[in-house]
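In full-length UniProt numbering, the protein residues as written are 1 to 688.
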């Protein structure tokens, strides 16, 4: 039997899933050819679009984001004729059209519309400007309206068909209802132990299981592999293929919350209850949702005769994927944007999002591997930005470890899974192993975007070990190769070069940064931060002699703190940083008032020297009274001190911590990376 005849016997969703698996297993060109054979099929086109969206998110380049946005709009148009409100109104008036698509296909297309709107919202929010936030929020609301309705309808359909077939479901994960996790649930304390599981009174319950498969990635040989044939213009090198050389030329380069000792959070036991809150502000019962009589929500009753239980289960997985991504994405938005989100009538529930994604990955739907990727992103990248301490992060580390073990049989050599495995090792403090895995991912991948991401991560691994020379090398390569964040990589190259003791070209690099930012039409948080920083860099060759190596090291330590990577540093590195910050004689060696105390306190927290850390944070706050520049230092010092006070578990300390957090919310505005810190403060105050 030929391949074409085989393909004709494969369902569209299976065919689409095959293409996604090819894409994940380092065969993007083969996957694209596979998709293009059936681009006239909506499901196949949607999976092709999803891979394009992932490329755009990885690269973060506006050109790729715009291409993905165009494809998402086209995808939405493909599905709208049979699912739009005009068709719905016509059906209400004239009755059911016998030529309409089967129920399963109609539901699939509605899910695809919601997925397209959600992906478009995420890409729009990446622009980080006010207009993007407004448009992205509106797109999220449109997606929510569809997900809210579909989730209840498909779940109701699932129950109806299950009862009709009287099929036992003991060995099958049932779908979850949004009612099972309240909006105020602290996901650090969601019970999921076996003892808690036995205490459920409902006869129906759902266990979101994590399947475990062991295996270790082996290091690949040929460490000197070159990718110059792939990038002839940029000449990117394998992250660890060459040691740092002093001959590098820089010419012509202008172009806590309360911690939990619970196991990993992906083992959530959730009760199946009807007529409960569905996790949104506008609540609709989930068992048999009645449509609201408006053009947006009127729907004909579903016919269950043309859809089987397997299809319904798959659709439940499909809608759970989008529903989970939606909930998780909204829950991570900064508080100032959450006010707009709440005004539009919906809210995010992080625990619900994680639970839905875990269910989605256990199904056979084409989105199952994408659900795994979404969870890995959250556990290894997203959680690091929003969590207050190492204990809190340890739960995510364990969850990521289980996911990677489960994925190994199918994705053992997948570059993107190797990348997430490397992220996991970095979070575990195994930086040398992480570098080897990044190198393997770099060589396995044929996608330029993922290669550059690996270079970026290796640069940070070098920085974590204070290997300023090699870090400078990697950031310099990224500066030359990247069309996004050139100013960021130039800044990182500059401070690493200064910390390495090479002071030539520093003033030239400063000029390059200013030109790059002035040419950028969008004002991002990173660019605003860099603009404030370069004012403290030497403006002429004569000025550079005023600053020694220690001065430049402070800029590096500042980045390690702001990127929440100090806890990844080995103990000897932390000790060296403490020594540098302690011996700083005064303002000449300290770029900003109180910066040394802030970094000292963070390092001592890492070493569990909490009394010393409290003293440093208090000293930082004292020094910065009436200081108006670099106010992020004051805001972070208040926050970090509050985190320590909450560990003392007494009412006096708790009240002081609450006052400090309120200070951050009310006294400090428009500081660097405000959205990151405000999200943490918001979560802690909500918990208190």
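No residue lacks a Cβ here, since even glycine has one placed at the ideal position from N, Cα and C. Since we're looking at a predicted model, the values are computed, not measured.
Query	Result
Residue range of the alpha helix (DSSP H) that includes residue 608	From DSSP, residue 608 is part of no alpha helix (DSSP H); its letter is neither H nor E.
Rounded Cβ spacing between residue 689 and residue 139 (contact assumed at less than 8 Å)	Absent from the model: residue 689. The displayed extent of the chain is 1 to 688, so no value can be given.
8 Å CB neighbourhood of residue 60 in its chain, flanking five on each side removed	126, 484 and 485
First through last residue of the alpha helix (DSSP H) which encompasses residue 55	42-59
Member of 438, 64 and 406 whose CA lies at the smallest distance from the CA of residue 453	438
Distance between residue 403 and residue 475 (C-alpha atoms, nearest Å)	31 Å
DSSP-derived helix/strand/coil call for residue 496	helix
Buried/exposed call for residue 324, threshold 16 Cβ in 10 Å	buried
Whole-Å CB distance - residue 581 paired with residue 599, under 8 Å assumed	5 Å
Among 53, 359 and 333, nearest to residue 349 - alpha-carbon criterion	333
Boundaries (first-last residue) of the alpha helix (DSSP H) holding residue 575	571-582
Nearest candidate by alpha-carbon position, reference residue 148, set 576, 118 and 124	118
Rounded distance between the beta-carbons of residue 517 and residue 487, thought under 8 Å	5 Å
Any 3 or more C-beta pairs closer than 8 Å across the stretch 604-615 and the stretch 651-669	no
For residue 619 and residue 638, believed in contact at Cβ under 8 Å, the rounded distance	Wrong, their Cβ atoms sit about 13 Å apart, outside the cutoff.
Chain C contact for residue 150 (CB, 8 Å cutoff)	The chain labelled as chain C is not found in the depicted structure, where only one protein chain is given.
With 16 other Cβ atoms within 10 Å as the buried cut-off, status of residue 369	buried
Range of the contiguous alpha helix (DSSP H) that encloses residue 469	468-481
Top-ranked residue by Cα proximity to residue 385, from 28, 548 and 677	677
The stretch 104-112 in contact with the stretch 32-45 per 3-pair CB rule at 8 Å	yes
Collapsed DSSP secondary structure at residue 295 in the structure displayed	Because the pLDDT of residue 295 is 36, which lies under 50, any placement of that residue in the model is unreliable, and the number read from its coordinates should be weighed accordingly. Coil at residue 295, not helix or strand.
Per-residue burial, residue 217 [other beta carbons within 10 Å of its own, 16 or more giving buried]	Because residue 217 sits at a pLDDT of 36, beneath the cut-off of 50, its placement in the model cannot be relied upon, and the following sentence gives the value as read from the coordinates. So residue 217 ends up on the buried side.
Rounded Cβ spacing between residue 415 and residue 670 (contact assumed at less than 8 Å)	Between residue 670 and residue 415 the Cβ distance is about 39 Å, and since that is not below 8 Å, they are no contact.
Contacts around residue 24, its chain only, beta-carbon distance under 7 Å, and the 5 residues preceding and following it disregarded	369, 411, 414 and 416
Simplified DSSP state of residue 314, which is helix, strand or coil	helix
Distance between residue 124 and residue 464 (C-alpha atoms, nearest Å)	32 Å
Where the alpha helix (DSSP H) through residue 110 begins and ends	103-125
Residue 489 vs residue 533 beta-carbon contact at 8 Å	no
Under 8 Å between C-beta atoms of residue 20 and residue 450	no
Same chain, Cβ closer than 8 Å to residue 68, five either side skipped, listed in chain order	49, 52, 53, 55, 56, 119 and 123
Segment limits, alpha helix (DSSP H) that includes residue 12	12-24
Buried or exposed (CB count within 10 angstroms, at least 16 for buried), residue 572	exposed
Extent of the continuous alpha helix (DSSP H) run through residue 35	28-36
Contact set for residue 602: own chain, Cβ-Cβ below 8 Å, skip 5 residues either direction	561, 566, 613 and 640
Inter-residue CB distance, residue 538 and residue 547 (contact presumed, cutoff 8 Å)	6 Å
Continuous alpha helix (DSSP H) stretch holding residue 465: start and end	Run containing residue 465: none; DSSP gives neither H nor E here.
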